[in-house]
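Asks:
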Amino acid sequence: MEETDKTPIAEELAKRQKSISVAEFFEKNRHILGFDSAPRALITTIKEAVDNALDACEEAGILPDLLVEVNRGDGDYLQITIEDNGPGIIKEQIPKVFAKLLYGSRFHALKQSRGQQGIGISAAVLYSQITTGKSTKIISKVDHRSPAHYYELMIDTSTNEPSILEDRIVDWPNAHGTRIEIEMAASYVKGRKQSVFEYLKSTAIINPHARIRLVEPDGNEILFERATDQIPKQAEEVLPHPHGIELGTLMKMLQNTDRQKLAPFLRYSFSKIGLQTAEEICDAAGLDREADPHALDRNDAVKLLNAFKKAKIVAPSTTCLSPITEDLIYQGLKKEFSVDFIATASRKPAIYSGNPFVIEVGVAYGGNFPKDEKAQIMRFANRVPLLYQQGACVTTHAIESVKWKQYNISQPGGGVPFGPFVILIHIASTNVPFTSESKDAIAEIDIIREETELAVKEVARKLKTYLGKQGDLAKRREKEVIITKLLPQMAEKVAAMVEKPVPDIQPAVANIMGNLLVNRTVDVGEDSQSNLHFVSLAVRNYGSAQRKFKIHQILPCEIKSPSPPPSTIVSVGDNYDYIWEVNVAAGASKVFRFTLDGADANELANMDEVIVEGMDEEDVTGAKALNELF
Numbered sequence: 001m002e003e004t005d006k007t008p009i010a011e012e013l014a015k016r017q018k019s020i021s022v023a024e025f026f027e028k029n030r031h032i033l034g035f036d037s038a039p040r041a042l043i044t045t046i047k048e049a050v051d052n053a054l055d056a057c058e059e060a061g062i063l064p065d066l067l068v069e070v071n072r073g074d075g076d077y078l079q080i081t082i083e084d085n086g087p088g089i090i091k092e093q094i095p096k097v098f099a100k101l102l103y104g105s106r107f108h109a110l111k112q113s114r115g116q117q118g119i120g121i122s123a124a125v126l127y128s129q130i131t132t133g134k135s136t137k138i139i140s141k142v143d144h145r146s147p148a149h150y151y152e153l154m155i156d157t158s159t160n161e162p163s164i165l166e167d168r169i170v171d172w173p174n175a176h177g178t179r180i181e182i183e184m185a186a187s188y189v190k191g192r193k194q195s196v197f198e199y200l201k202s203t204a205i206i207n208p209h210a211r212i213r214l215v216e217p218d219g220n221e222i223l224f225e226r227a228t229d230q231i232p233k234q235a236e237e238v239l240p241h242p243h244g245i246e247l248g249t250l251m252k253m254l255q256n257t258d259r260q261k262l263a264p265f266l267r268y269s270f271s272k273i274g275l276q277t278a279e280e281i282c283d284a285a286g287l288d289r290e291a292d293p294h295a296l297d298r299n300d301a302v303k304l305l306n307a308f309k310k311a312k313i314v315a316p317s318t319t320c321l322s323p324i325t326e327d328l329i330y331q332g333l334k335k336e337f338s339v340d341f342i343a344t345a346s347r348k349p350a351i352y353s354g355n356p357f358v359i360e361v362g363v364a365y366g367g368n369f370p371k372d373e374k375a376q377i378m379r380f381a382n383r384v385p386l387l388y389q390q391g392a393c394v395t396t397h398a399i400e401s402v403k404w405k406q407y408n409i410s411q412p413g414g415g416v417p418f419g420p421f422v423i424l425i426h427i428a429s430t431n432v433p434f435t436s437e438s439k440d441a442i443a444e445i446d447i448i449r450e451e452t453e454l455a456v457k458e459v460a461r462k463l464k465t466y467l468g469k470q471g472d473l474a475k476r477r478e479k480e481v482i483i484t485k486l487l488p489q490m491a492e493k494v495a496a497m498v499e500k501p502v503p504d505i506q507p508a509v510a511n512i513m514g515n516l517l518v519n520r521t522v523d524v525g526e527d528s529q530s531n532l533h534f535v536s537l538a539v540r541n542y543g544s545a546q547r548k549f550k551i552h553q554i555l556p557c558e559i560k561s562p563s564p565p566p567s568t569i570v571s572v573g574d575n576y577d578y579i580w581e582v583n584v585a586a587g588a589s590k591v592f593r594f595t596l597d598g599a600d601a602n603e604l605a606n607m608d609e610v611i612v613e614g615m616d617e618e619d620v621t622g623a624k625a626l627n628e629l630f
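FYI, the UniProt record's numbering numbers position 507 of the sequence shown as 507, with every residue one higher than the one before it.
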């Protein structure tokens with residue numbers, strides 16, 4: 001075959017190769033970032049803006065007040081406004097924060113935060129200009145003494161740099177904060193799990209310190225009020241932990257370190273490694289403590305990894321994490337759901353690939369949740385709701401792997417359990433391993449699945465105990481109904497036979513049921529004209545165990561000569577709530593006496609019922625029982 005002077009095809013192909021801007025890439029692949037449908041584009045935009053606002057407020061120690069407003073724009077477009085009371089953004093950074101992808105301050109920081117990559121809000125700006133050709137409007141102010149800066153921005157996708165259309169100072173009444181107005185092709189939906197309302201409701205549950213106001217396109221306003229004034233503990237940046245560090249990462253760290261000796265490299269590059277531990281790791285790896293880290297090869301790095309596994313290294317610090325805490329999860333669930341029972345659980349910190357994480361779980365049972373449907377799962381990562389790809393998430397798989405029948409919960413065919421409850425799962429980590437850039441699901445990491453399953457089992461045990469108790473109470477109710485119907489009839493017949501008044505059967509009922517009996521008596525003094533009355537509150541414990549509770553007696557006047565004196569007196573409008581803390585052994589009785597002076601017959605007749613706080617209604621006879629008062 002004769003050779004020709006034709007240019008080789010490889011050289012022709014090489015001429016077509018060129019670098020691609022990250023903005024150009026996401027311009028053609030916006031579905032990766034969560035802009036694959038009109039409803040989801042809206043939720044993703046609001047999610048990214050709200051995440052940024054909450055992060056900024058918490059870092060500045062400010063209780064978040066957020067406004068999310070959705071209006072009809074031109075044609076089929078929606079106009080979205082998100083405003084916060086955060087610390088604001090300095091003028092020089094505003095264009096890059098909103099109009100440059102992969103620009104942020106958190107990517108290299110080893111601490112918990114909602115955003116990491118610096119893609120989210122700028123991706124929303126990119127989607128807006130793709131679908132509407134319009135710019136995004138930003139106002140930001142850092143202090144009440146400083147001016148408010150107004151920008152209109154777009155992204156130059158060929159360079160991934162901000163394109164500034166307008167830059168000026170404006171009047172803005174807010175003392176500090178940021179406001180973004182953005183228009184895009186999107187749709188507002190209601191009545192779905194994947195909706196703006198459900199996203200903000202979930203955000204309010206997991207961020208109970210935030211106040212969020214939503215204005216819907218039809219003008220309807222919804223306020224998610226904060227449940228606490230406690231700002232979450234600020235996460236601190238820490239060094240990576242040696243447990244779980246990967247070989248390639250360790251080799252990179254060895255090459256990039258400023259340390260010239262191996263022992264100091266270990267000491268100052270990892271958390272929880274002191275001088276003695278660093279020397280022990282070097283010895284276990286068979287490496288010279290004085291060796292230059294840059295001179296170590298792959299085999300040396302493998303030896304170090306093996307030595308990490310053998311060394312006794314303290315668990316990772318939790319200062320880099322900001323878990324919600326069981327108490328605030330409880331408050332968040334209680335604030336947004338009307339249920340009968342709430343349980344929470346939190347695991348100790350664990351590690352994957354050198355990244356510490358904590359799993360927190362809550363379960364809310366009863367109320368208006370449907371009994372014959374699958375339990376609702378609420379997934380969160382670093383305080384951010386995960387609304388999509390539930391079936392692809394490791395936390396869902398952990399829930400499905402639990403044998404719920406062992407906890408008296410229906411699980412036909414396996415999978416997600418059935419019943420009137422919601423399961424909340426939160427992972428707090430320095431680096432959440434999402435399955436994609438859209439951050440919808442958490443990857444199948446074994447240790448994360450194990451920790452999630454253990455936490456779920458803990459709340460499942462608490463739920464089983466509650467359900468068992470409810471079953472016992474149901475049986476007690478049936479028994480009490482029979483007794484309270486039968487005994488009065490017997491008492492009436494016996495009284496008629498012996499021609500005597502019908503006796504008070506409450507002591508007999510309490511005795512049979514093993515209840516706490518409360519009996520109030522009022523005696524008029526010797527001088528009937530003095531309006532002096534003697535009141536006795538007698539309690540008897542017919543149960544088989546000691547009982548601790550509080551007795552409340554609300555009265556319109558002050559009492560005299562109380563014996564023993566009440567533990568607390570609370571003013572309730574024009575009345576007084578007298579509270580006694582009581583501890584009664586099984587079979588024992590106690591009496592609380594006081595005097596009323598000046599109460600007339602009408603006031604005595606309408607005296608409020610005695611309230612027992614801290615006991616179930618089925619366990620008390622002769623008084624109103626409330627497990628939790630107010």
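For every residue, glycine included, the Cβ atom is placed at its ideal position computed from N, Cα and C.
Consult DSSP for Leu-287 and reduce its assignment to one of helix, strand or coil.
Replies: coil
Asks: List the whole-angstrom C-beta distance separating Leu-223 from Phe-197, where the pair is believed to meet the contact cut-off of C-beta under 8 Å.
Replies: With a Cβ gap of about 12 Å, Leu-223 and Phe-197 do not count as contacting.
Asks: Going by DSSP, what residue range makes up the alpha helix (DSSP H) through Glu-59?
Replies: 38-59
Asks: Taking Cβ to Cβ, would you say Phe-594 is nearer than 7 Å to Ile-554?
Replies: no
Asks: The beta strand (DSSP E) that contains Ile-231, what's its start and end?
Replies: It is not in any beta strand (DSSP E) - Ile-231 carries neither H nor E in the DSSP assignment.
Asks: Please determine, among Thr-430, Thr-465 and Lys-309, the residue with the shortest C-alpha to C-alpha distance to Ser-322.
Replies: Thr-430
Asks: Report the three-state DSSP secondary structure of Ser-536 (helix, strand or coil).
Replies: strand
Asks: Is there contact between the region 421-439 and the region 369-388, where contact requires at least three CB pairs shorter than 8 Å?
Replies: Taking a cut-off of 8 Å for Cβ pairs, the region 421-439 and the region 369-388 touch, as three or more such pairs fall below it.
Asks: What does DSSP give as the partner residue(s) for Asn-575 in the beta ladder?
Replies: Val-572
Asks: Classify Gly-75 as buried or exposed, calling it buried when 16 or more other Cβ atoms lie within 10 Å of its own Cβ.
Replies: That one is exposed.
Asks: Using three-state DSSP, classify Val-215 as helix, strand or coil.
Replies: In this structure, Val-215 counts as strand in the three-state DSSP scheme.
Asks: So, with DSSP's three-state summary, where would you put Gly-118?
Replies: Confidence at Gly-118 is low in this model, with a pLDDT of 41, below 50, so the placement of that residue should be treated as unreliable; the coordinate-derived value is given next. Here Gly-118 sits in coil by DSSP.
Asks: What are the uninterrupted segments assigned as beta strand (DSSP E) that are 3 or more residues long and contained completely in the region 115-202, given in chain order?
Replies: 136-141, 148-156, 161-170 and 177-185
Asks: Do Val-539 and Val-518 have their C-beta atoms within less than 7 Å of each other?
Replies: yes
Asks: Which residues does DSSP list as the beta-bridge partners of His-552?
Replies: Ile-579 and Ile-611
Asks: Whether or not the region 85-100 and the region 204-211 are in contact is what I'm after, with contact meaning three or more pairs of Cβ atoms, one per stretch, closer than 8 Å; do they touch?
Replies: no
Asks: Check this for me: beta carbons of Thr-318 and Pro-349, under 7 Å apart or not?
Replies: yes
Asks: Going by CA-CA distance only, name the one from Pro-147, Pro-162 and Asp-65 that's closest to Pro-173.
Replies: Pro-147
Asks: Output the boundary residues of the alpha helix (DSSP H) element that contains Phe-265.
Replies: 262-269
Asks: Determine the contact status of Val-620 and Val-612, defining contact as a CB-CB distance below 7 Å.
Replies: The answer is yes: Cβ separation under 7 Å.
Asks: Find out if the Cβ-Cβ distance for the pair Ser-135, Glu-152 is shorter than 7 Å.
Replies: yes
Asks: Quick check: the region 233-251 against the region 296-309, are there 3 or more CB pairs under 8 Å?
Replies: yes
Asks: The beta strand (DSSP E) that contains Gly-362, what's its start and end?
Replies: Note, Gly-362: beta strand (DSSP E), 355-365.
Asks: Using three-state DSSP, classify Thr-430 as helix, strand or coil.
Replies: coil
Asks: I think Asn-575 touches Pro-556, with their Cβ atoms under 8 Å apart; what is that distance to the nearest whole Å?
Replies: Contact holds; Cβ gap of about 5 Å.
Asks: Could you check if Pro-501 is buried or exposed, using at least 16 other CB atoms within 10 Å of its CB as the buried criterion?
Replies: exposed
Asks: Tell me where the alpha helix (DSSP H) around Ile-329 begins and ends.
Replies: Where Ile-329 is concerned, the enclosing alpha helix (DSSP H) starts and stops at 326-336.
Asks: Taking only the alpha-carbon atoms, compute the straight-line gap between Gly-622 and Gln-506 and give it to the nearest angstrom.
Replies: 7 Å
Asks: Taking all protein chains shown into account, decide if Asn-299 is buried (16 or more other Cβ within 10 angstroms of its Cβ) or exposed.
Replies: exposed
Asks: Please identify the residue among Glu-166, Ile-169, Val-125 and Ile-89 whose C-alpha is closest to the C-alpha of His-176.
Replies: Ile-89
Asks: Pair every Cβ in the region 410-421 with every Cβ in the region 62-75, then say whether three or more of these pairs are closer than 8 Å.
Replies: no
Asks: Mark Ser-338 as exposed unless 16 or more other C-beta atoms lie within 10 angstroms of its C-beta, in which case mark it buried.
Replies: Residue environment analysis places Ser-338 among the exposed positions, since fewer than 16 neighbouring C-beta atoms fall within 10 angstroms of its C-beta.
Asks: So, is Ala-585 buried or exposed, given that buried needs 16 or more other C-beta atoms within 10 angstroms?
Replies: exposed
Asks: Under a Cβ-count criterion, where at least 16 other Cβ atoms within 10 Å of its own Cβ denotes burial, should Pro-564 be classed as buried or exposed?
Replies: exposed
Asks: If you draw a straight line from the alpha carbon of Lys-439 to that of Lys-309, how long is it in whole angstroms?
Replies: The straight-line gap from Cα to Cα measures roughly 31 Å.
Asks: Taking the alpha helix (DSSP H) that Thr-396 falls in, what are its first and last residues?
Replies: 394-401
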